[in-house]
Amino acid sequence: MLLGLALAYVVSMQPVLAAAPEAAGQVIVASGTVQALVSTGEQRTLRRRSPFYAGEIIRTAAASAVQLRFSDGALMSLRADSELKVDNYRFQNHGGAGDRSMSTLIKGGLRTITGVIGKQDPSAYQLSTPVATIGVRGTHYEAVLESPKSLVLAAWQGGIRVRNEHGAIDLGVGADYNFGRAQAEQSPRGLLEPPAVLQNETPVGHAQPVEKTAAQDESTAQEDAPTDTETQTAETGTEPSTTEPTVAEGESEFSTTDTGVATEPAETMGGDTFDSPIGSPIADTACSTCAPPQQIVVTQPDDLPASSDLRFTALEWDKLKTSPYLGMAVEANNTPDYGFDGGRVLYHDTDSPVFADNGFGPHEPQYATAPIQDVLRRGGASVDAFQSFRVDAGHTVYWGTWNGNINPVEIQTDATDPTVKEHIYAPFHWATLLPTDPGAIAARTGTVMYNNVIVAHGGGSGGGPLTPGNVMFNANVNFDTGAITNGNLNIYNGPEIWNVGFGGKVGGNIVDVHVNSAISSVSVSTTNPQPVEGDIGMAFTGNNGQAIGGGFSLQAIGNPGTHVEGILLVK
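In the working numbering, the protein residues as written are 865 to 1435.
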């Protein structure tokens, strides 16, 4: 009898045992030393895919950074030397009653894209700091504590409200200012220009355009515009106007102009770039066979006489042999045979570059001598976008979109007959750049995190355009070993959430990476994640390889109707 009573007592007590806490989210990428601290004083190291919980303080050390994804889809990137406490978090009702996201930035800085909670019920979202609280209206913003008594802010998309006991101010859409500062004992105030602490991490381009001069880009003055020939349709190349923001020497400058459509200046997402050791590489994205960087000289196919490829004029062929510029174009489509072309490029600084693809990259020996397979030309396609970004005085990246839906883009496939063309009735996103000298890459040491998205341009089946506001990128480049690890590309396009892992190695001035389908997925609305395949192709640009640019084309395996493609420039 006593035994029966004891068993009954044990059974009756089971329901009151505490359930395991539900994670507030998980780590996307952690570099350097990142820890979670609980109220008991215990701490644990955070790595890729580690969960974090309400009540914890997430701390980054010097030369460290972390990207977080909350369960409601919110993204957050913490700078080095930062602390964030997840005060109160609940996501069980799809952003409805009872759901909330309350956090405190204790020190340092962050940038974030709000998730379902902030979009469904802005009153349920709040970020507190020592000097002010921040509310949102579905947005992408940045907040950095300059000191314990001074907070600077930027509303990159949407709007935020900054409030303390002395007053409040709105920043962003519908407000008078996009930037602001909140200080102790003062009402928050708006700023016309981003504070230096934001400019250092997040180059922006809100200055007025000025006329481009030859001195600003001497490297482009030597290349002629396309001309009419018997074998080539005339294509008019135009240069974009440039924007010259007032920034300190060494900072990046942004310029943009569109032909055909009106778009806003590209937005940016700040990030920490540093030459210092990075934490343990992740095995599933690391390159186990990476070799040290090689000095690759990008030579041209001198063994091919001008008469051997009739797709080019004699003048074009001469320029193709001496032009150091590279280009990449990706087709916007939903077919299994997705288009991805890259290689040498002519007319790199116009809206009508010509791409010559021989199937190899500059870091591969065959690149110098292999015959050209495809020549991609704008044809009769309209120019929907044409923009540029000056990385430094000698390196400007150009990108744009050809809309081939009505008048097609042309691919010449026969070197002996320039009239043989494949007509592609689809848009193409493209970029051209001057790659970094391979010797400069080989001379670099240490590990650098590339995670500041300067340019994101493209689209896909999700319906929305890609901007730096809905794209996050991270890759650690070890210049001592050539290994590229912790690669992650996150894209939020309409109902689609893309989480793409990649790894690889440095090859001369090429970022030679491969998508890891085993850890890559796309989720559409509430559907189960689908595995992803595709290509990412990028190259270093800038005098010291301070940026990487290129393109990507991704699709769900077995479901090409779910796809995303575009152009990236990352620092």
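All residues carry an ideal CB built from backbone N, CA and C; glycine is no exception.
The continuous beta strand (DSSP E) containing Glu1397 extends over residues Gln1394 to Thr1405. Gly1022 sits close to Val1037, with the two beta carbons spaced by under 9 Å. It is roughly 14 Å from the alpha-carbon of Ile922 to the alpha-carbon of Asn952. Apart from sequence neighbours up to five positions away, the residues of its chain that approach Ala1339 with a beta-carbon distance below 7 Å are Tyr1314, Ile1348, Asn1350 and Gly1351, ordered along the chain. Distance from the CA atom of Leu1297 to the CA atom of Glu1049, rounded to whole angstroms, is 49 Å. The beta carbons of Leu974 and Leu942 sit closer together than 9 Å. With a 10 Å radius around the Cβ and a threshold of 16 neighbouring Cβ atoms, Glu1429 comes out buried. Note on geometry: alpha-carbon atoms of Thr1311 and Asp1376 lie some 16 Å from one another. Counted as a single uninterrupted DSSP element, the alpha helix (DSSP H) harbouring Leu1184 occupies residues Ala1178 to Thr1186.
Between Ala1279 and Pro1332, the C-beta gap is not smaller than 9 Å, which leaves the two residues out of contact. Taking the CA atoms as reference points, Thr968 sits about 24 Å from Val1335. Beta-bridge pairing by DSSP links Leu1240 to Phe1219 and Ile1275.
For Val980, the enclosing alpha helix (DSSP H) covers residues Val980 to Gln984. Rounded to whole angstroms, Ser1325 and Lys1369 show a C-alpha spacing of 30 Å. Approximately 10 Å separates the beta-carbon atoms of Phe1416 and Leu1330; this is outside 8 Å, ruling out the contact.
Annotation note: the region 947-1012 contains the following uninterrupted alpha helix (DSSP H) runs of length 4 or greater, listed N- to C-terminal: 980-984.
DSSP, reduced to helix, strand and coil, places Ser1381 within a helical segment of the structure shown. Judged by their CB atoms, Ser928 and Ala944 are nearer to each other than the 9 Å cut-off.
Membership of Gly1322 in the beta strand (DSSP E) is indicated by the continuous run Val1317 to Gly1324.
Phe1224 places its beta carbon 9 Å or farther from that of Gly1191. Residue pairing for Leu1190: DSSP places it in a beta bridge opposite Arg1208 and Leu1297. Contact holds between the region 1297-1307 and the region 1358-1374, because three or more Cβ pairs, one in each stretch, are under 8 Å apart. Distances from the CA of Pro1226 to each of Leu1240, Val1284 and Met1402 were compared; the closest alpha carbon is that of Met1402. In the DSSP secondary-structure assignment, Asp1376 is bridged to Lys1369. The Cβ atoms of Ser1384 and Asn1363 lie closer than 9 Å to each other.
Taking a contact to require three or more Cβ pairs closer than 8 Å, the region 891-909 and the region 924-939 qualify as touching. Going by DSSP, Pro1302 is part of the alpha helix (DSSP H) stretching over Pro1302 to Ala1307. Under the DSSP assignment, Lys1285 falls in the beta strand (DSSP E) whose first and last residues are Lys1285 to Ile1288.
Annotation: the continuous beta strand (DSSP E) that includes His1427 extends over Asn1423 to Val1434. Note on Gln907: under 16 other CB atoms within 10 angstroms of its CB, so exposed under the neighbour-count rule.
When DSSP states are grouped into helix, strand and coil, Gln1251 belongs to the strand group. Looking at the DSSP output, Asp1034 shares a beta bridge with Arg1025. The secondary-structure analysis by DSSP pairs Asn1363 across a beta bridge with Asn1354 and Ser1385. The DSSP-derived three-state label of Tyr1041 is coil. Residue environment: Asp1182 is assigned as exposed (fewer than 16 neighbouring CB atoms within 10 Å of its CB, all protein chains considered).
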